[in-house]
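**Q** Protein chains in written order, with my numbering: chain A, 1 to 283; chain B, 1001 to 1407. Sharing a structure with you now.
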Amino acid sequence: MNKFAFIPLLVLILVSSGCQSLEMVPDPEGPEHPGEEFTRHYNYSHFAVTKEGNYSVELVFKDGTIKEGINNIDIIIHDRDNMDVTGAAVSIIPYMPIHQHSADMTPIVIERGGGTYSARNVDITMPGRWQLTVRVSTVRANDEAVFDLMIEPGGGLMETMHTPHDMQMGKDTGRTSVVSARQMFKVTYKAPIPIPLNRLHSWDLTISTPRREAVTGANIQVDGGMPAHGHNLSTRPVVVETSMPGKYRIDGMKFTMPGEWVVRLHIDSGLETDTAEFIFMVR
Amino acid sequence: MKKFFLLAFLLSMVASLAMAMHPETQHQWSDDQRAVLKSLWLSSLAPMPLDPSNKFTDDERAIELGKSLFMDPRLSGNKKVSCSTCHRPDAFFTDNLPLAHGMGTTGRRSMPLAGMAYSPWLFWDGRKDSIWSQALGPIESPVEHGISRTMSVHILRDHYRERYESIFGQMPDFPDEDFPDIARPAEDYPAAREAWERIPPEKRKLISKVYSDMGKAIGAYVRRIRHGESLFDRYVAAILKDDIASATKLFTPEQAIGLALFIGKAGCINCHNGPLLTNNDFHNMGISDGDAGRAEGMDKVRADEFNCLGPFSDAAESDCGELRFMDTNRQKYAGAFKTPSLRNVAQRPPYMHAGQFASIREVLRHYNQVASEGKLDKSIIHGELTEPEMGELEEFLRTLDGPVIAP
Chain A
1 MNKFAFIPLL VLILVSSGCQ SLEMVPDPEG PEHPGEEFTR HYNYSHFAVT
51 KEGNYSVELV FKDGTIKEGI NNIDIIIHDR DNMDVTGAAV SIIPYMPIHQ
101 HSADMTPIVI ERGGGTYSAR NVDITMPGRW QLTVRVSTVR ANDEAVFDLM
151 IEPGGGLMET MHTPHDMQMG KDTGRTSVVS ARQMFKVTYK APIPIPLNRL
201 HSWDLTISTP RREAVTGANI QVDGGMPAHG HNLSTRPVVV ETSMPGKYRI
251 DGMKFTMPGE WVVRLHIDSG LETDTAEFIF MVR
Chain B
1001 MKKFFLLAFL LSMVASLAMA MHPETQHQWS DDQRAVLKSL WLSSLAPMPL
1051 DPSNKFTDDE RAIELGKSLF MDPRLSGNKK VSCSTCHRPD AFFTDNLPLA
1101 HGMGTTGRRS MPLAGMAYSP WLFWDGRKDS IWSQALGPIE SPVEHGISRT
1151 MSVHILRDHY RERYESIFGQ MPDFPDEDFP DIARPAEDYP AAREAWERIP
1201 PEKRKLISKV YSDMGKAIGA YVRRIRHGES LFDRYVAAIL KDDIASATKL
1251 FTPEQAIGLA LFIGKAGCIN CHNGPLLTNN DFHNMGISDG DAGRAEGMDK
1301 VRADEFNCLG PFSDAAESDC GELRFMDTNR QKYAGAFKTP SLRNVAQRPP
1351 YMHAGQFASI REVLRHYNQV ASEGKLDKSI IHGELTEPEM GELEEFLRTL
1401 DGPVIAP
């Protein structure tokens, strides 16, 4: 059963036996700016070294600044040797110390290559003092840098199309937010944790505009299925609006197989139509 | 690079040898696998769901009456067929025939009854949405019990009146001359239908009400038929306690490998998931032989007067989610049949909705065959299993044998 346990052993033997095929290939670009401990690429970026000195983290904001609203941030990470850090697990957590709350959207971090990562949907829900914690995990070290930022009012817009594959499930609340395909709506769903198998249940939905105005009276159709299997949903769920502005409920959700499911909401607010897509695992 | 392959080869040899010398390595499961094993464990089964459409499910008198009716051959045209003819209590509440045989031969195999309280849909095509309404179907089927609801009501009146009234209240009078035994809303028999239509509508409703009560008593009994612990459940209990010594005694290495295939490569848990090893959904296996399956069943359950939303149901509309949110994708459900539980599967050949396959091996070979044709939904593909793997999977499936417990 446990055949993978041999892999580290295999690697160890291969390395110690000097296997030619596993020799390190030097980076053709070489270390950037030798002589400096860590390189900073942009003078308008925010730059910090992680707490234990393992990495440098550089935040590059679109238009040079971070604003109230949804922000997209590039993160450049170097290691102690000032080499680009690739393949790291990177997360960014916005937190407002004075109110002791974090953002209600989970930012999504995607590796861009060359030590650059893109964080999408960094949701700054109000102006004021915020802390952005960037956690970097590699096989060598786990470390984090904290940025203290004063954020001005005045609305960042959702600028990047959200890729639902990148979505992360809110670990504690079961809430997950996405931006619809044409960025007309922000949609948050709250599902039971874990999402039940073979049991009919409901999800709560919150729908707003990019400027956080509740979307009321929308007509919402639901479809979806299992992309890997090529079949649709096991039920025909129905969305009903509640008495709270912008709050809806999807009734009739049921997933009869473990694996990756997609649920699409076709939203017609009367003013705009757009589609929001959720991708999630049922276990 | 040669060195790499040589080393990899040597290491894999060492690994195989280690496994052969230490069979307990077969019983090492990752955290993810343990979570899956736990999800299939009988002890993970949720409490029996309520049936809001039948308010008599917890009435012990209804359960007792239901048991008597279940076993009563008077409820048949030849006085020889009861529910227990095809759902034999001594054979896991099914028979071992390819096609069920009552008054005549049906087009499908008798379904096992254990754990049906957990199933939102009944029959292979899901044309019923509760056990009580399911129980009423065969009574009026000419090839099963072959009688009518009118005759059923007369049998209740003549043999069960007191017990009926203690549960459901006073039984209306149904004089034979006004309510001929032949009368039923039949589509297959014009004389029966004419007799039924000659009865005034309000009196027809009274008959159907008492008939539905009969179903509710049988449903209350059948709901209680459940699975007991299997060898597999004892194995999972040992694994979850990290009791590898016991696990090694309970499962052979082949059974453990079969289980790993079941939850892994073979993809069985796509549909055979949860503690009852079924998702109670409908899938086309490529053996419909012209039977429309669920594609017709979904129309029938919607039109059924005894469904959750119908006049004889005790449920509120909000309790009928399965029916209200039922998927009606005709193409998807053409030739699709309900996933059966795999508990006791080795004990009840032949297999599939019309008993097309005599052995589990034939079923597995069929899956390999349909996979290679690539016409069907990918969720039913069971991996390209080799013959030895099929053997291991079969060994595992035998560990799902366990008692069936009935009141």
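Quick reminder that beta carbons are idealized off the backbone N, C-alpha and C, glycines included.
1. Going by alpha carbons, who is nearest to His1353 (chain B) out of B:Leu1042, B:Ile1239 and B:Pro1112?
2. Decide if the stretch 1316–1327 of chain B is in contact with the stretch 1251–1260 of chain B; the criterion is three or more beta carbon pairs, one per stretch, under 8 angstroms apart.
3. Does Asn71 (chain A) get closer than 9 angstroms to chain B when you measure Cβ to Cβ?
4. Count the other C-beta atoms from every protein chain shown that fall within 10 angstroms of the C-beta of Glu1387 (chain B), then say buried if there are 16 or more, exposed otherwise.
5. My assumption, with CB atoms under 8 angstroms, is that Thr65 (chain A) sits in contact with Val57 (chain A). Please give the rounded CB distance.
6. Going along the chain, which unbroken runs of the alpha helix (DSSP H) with 4 or more residues stay wholly within the stretch 1282–1335 of chain B?
7. Go through its chain and collect everything with a Cβ distance to Thr1150 (chain B)'s Cβ below 7 angstroms, but skip five positions before and after it.
8. Report the start-end ranges of each beta strand (DSSP E) in the stretch 1258–1283 of chain B that is 3 residues or longer and not cut off at the edges.
9. Please decide whether Phe1396 (chain B) counts as near chain A, where near means a Cβ-Cβ distance under 9 angstroms.
10. Against chain A, does Gly1274 (chain B) count as a neighbour if the rule is that its beta carbon must be under 9 angstroms from one of theirs?
11. Counting only beta-carbon atoms, is Pro258 (chain A) nearer than 9 angstroms to chain B?
12. With a threshold of 9 angstroms between beta carbons, is Ser1130 (chain B) in contact with chain A?
13. Are the CB atoms of Pro258 (chain A) and Arg283 (chain A) within a distance shorter than 9 angstroms?
14. Report the neighbours of Cys1271 (chain B) on chain A: residues whose CB is nearer than 9 angstroms to its CB, in chain order.
15. Give the residues of chain B in contact with Val263 (chain A), contact being defined as C-beta atoms less than 9 angstroms apart.
16. With H, G and I counted as helix, E and B as strand and the rest as coil, what does DSSP make of Ile1405 (chain B)?
17. Taking Lys122 (chain A) as the reference, which of A:Val178, A:Ala214, A:Leu200 and A:Thr216 has the closest Cα?
18. Could you tell me the alpha carbon to alpha carbon distance between Arg140 (chain A) and Asn82 (chain A), rounded to whole angstroms?
19. Quick one, are the C-beta atoms of Asn1273 (chain B) and Ser1039 (chain B) less than 9 angstroms apart?
20. In angstroms, rounded to a whole number, what distance separates the CA positions of Met1021 (chain B) and Glu1395 (chain B)?
21. Return the CA-CA distance between Glu1296 (chain B) and Gly1169 (chain B), expressed in angstroms with no decimal places.
22. Quick test of your reading: Leu205 (chain A) and Ile250 (chain A), contact by CB under 8 angstroms. State the CB separation rounded to the nearest angstrom.
23. Which term fits Asp1188 (chain B), buried or exposed, when burial requires 16 or more other beta carbons within 10 angstroms of its beta carbon?
24. What residues in its chain sit with their C-beta under 6 angstroms from that of Cys1320 (chain B), if we drop five residues either side in the sequence?
25. Count the C-beta pairs between the stretch 1327–1336 of chain B and the stretch 1065–1077 of chain B that are closer than 8 angstroms, then say yes if the count reaches three, no if not.
26. For Arg1343 (chain B), return the contacting residues in chain A, with the cut-off set at a CB-CB distance below 8 angstroms.
27. Tell me the rounded alpha-carbon separation between Pro1049 (chain B) and Gly1219 (chain B).
28. Which residues in the same chain have their Cβ closer than 6 angstroms to the Cβ of Arg1330 (chain B), if we skip the five residues on either side of it in sequence?
29. When you compare the stretch 1372–1381 of chain B with the stretch 1190–1199 of chain B, are there three or more beta-carbon pairs, one atom per stretch, that lie closer than 8 angstroms?
30. Under 9 angstroms, do Leu1136 (chain B) and Met1214 (chain B) count as touching if we go by C-beta distance?
31. I'd like to know whether the C-beta atoms of Thr1278 (chain B) and Pro1350 (chain B) end up nearer to each other than 9 angstroms.
32. Quick test of the definition: if touching needs 3 or more C-beta pairs under 8 angstroms, does the stretch 1049–1065 of chain B touch the stretch 1245–1253 of chain B?
33. Let me know the beta strand (DSSP E) ranges lying completely inside the stretch 227–276 of chain A, each 3 residues or longer, listed in chain order.
34. Give, in chain order, every residue of the stretch 216–230 of chain A whose Cβ lies closer than 9 angstroms to some Cβ of chain B.
35. With 16 other CB atoms within 10 Å as the buried threshold, where does Pro237 (chain A) fall?
36. Out of A:Met184, A:Arg211, A:Val263 and A:Thr116, point me to the one whose CA is closest to Gly87 (chain A)'s CA.
**A** So, to answer that:
1. Minimum Cα distance to His1353 (chain B) is reached at B:Pro1112.
2. In this structure the stretch 1316–1327 of chain B does not touch the stretch 1251–1260 of chain B; the number of beta carbon pairs closer than 8 angstroms is below three.
3. No, its Cβ sits nowhere closer than 9 angstroms to a Cβ of chain B.
4. It is exposed - the Cβ of Glu1387 (chain B) has fewer than 16 other Cβ atoms within 10 Å.
5. Going by Cβ atoms, the distance from Thr65 (chain A) to Val57 (chain A) rounds to 18 angstroms, so no, they are not a contact pair.
6. Note on the stretch 1282–1335 of chain B: whole alpha helix (DSSP H) runs with a minimum of 4 residues are 1294–1303, 1321–1324 and 1330–1333, in chain order.
7. If we look at Thr1150 (chain B) and ignore the five residues flanking it on each side, its Cβ neighbours are Phe1179, Pro1180, Asp1181, Ala1183, Arg1184 and Ile1207.
8. If one requires a minimum length of 3 residues, no beta strand (DSSP E) run lies completely within the stretch 1258–1283 of chain B.
9. Not closer than 9 angstroms to any Cβ of chain A, the Cβ of Phe1396 (chain B) fails to qualify, so no.
10. Output row for Gly1274 (chain B): interface = yes.
11. Pro258 (chain A) counts as touching chain B.
12. With 9 angstroms as the cut-off, Ser1130 (chain B) does not count as an interface residue toward chain A.
13. Result yes, Cβ atoms of Arg283 (chain A) and Pro258 (chain A) sit closer than 9 angstroms.
14. Those are Thr256 and Met257, listed as they occur along chain A.
15. The contacting residues do not exist; Val263 (chain A) stays about 13 angstroms from chain B at best.
16. Ile1405 (chain B): strand per DSSP, three-state reduction.
17. The question names Lys, but residue 122 (chain A) in the sequence shown is Val. Nearest option by C-alpha distance: A:Val178.
18. C-alpha separation (whole angstroms): 14 angstroms.
19. Remark: C-beta atoms of Asn1273 (chain B) and Ser1039 (chain B) approach each other more closely than 9 angstroms.
20. With a pLDDT of only 46 at Met1021 (chain B), under 50, the local geometry of the prediction cannot be trusted, and the value read off the model is given with reservation. One C-alpha to the other measures close to 21 angstroms.
21. Taking the straight line joining both Cα atoms gives about 36 angstroms.
22. A Cβ-Cβ distance of about 6 angstroms is found for the pair Leu205 (chain A) and Ile250 (chain A), placing them in contact under the 8 angstroms criterion.
23. So Asp1188 (chain B) ends up on the exposed side.
24. Around Cys1320 (chain B): Cys1308 and Leu1309.
25. Touching, no, given that fewer than three Cβ pairs across the two stretches are closer than 8 angstroms.
26. Listed along chain A, no residue sits closer than 8 angstroms to Arg1343 (chain B) by beta-carbon distance, the nearest being about 15 angstroms off.
27. Approximately 13 angstroms between the Cα atoms of the pair.
28. The beta carbon of Arg1330 (chain B) sits closer than 6 angstroms to those of Ala1295, all from its chain and outside the five residues before and after it, given in chain order.
29. Short answer: they don't touch.
30. In this structure, Met1214 (chain B) lies closer than 9 angstroms to Leu1136 (chain B) by Cβ.
31. Against a cut-off of 9 angstroms, the Cβ pair of Pro1350 (chain B) and Thr1278 (chain B) comes out as no contact.
32. The stretch 1049–1065 of chain B is not in contact with the stretch 1245–1253 of chain B.
33. For secondary structure counted as the beta strand (DSSP E) over 3 or more consecutive residues, the stretch 227–276 of chain A holds these complete runs in sequence order: 238–241, 247–253 and 259–268.
34. In summary, the residues of the stretch 216–230 of chain A whose CB is separated from some CB of chain B by less than 9 angstroms are Met226, Ala228, His229 and Gly230, in the order they occur in the chain.
35. Here Pro237 (chain A) is buried. Its C-beta has 16 or more other C-beta atoms within 10 Å.
36. When each option's Cα is compared against that of Gly87 (chain A), the closest is A:Thr116.
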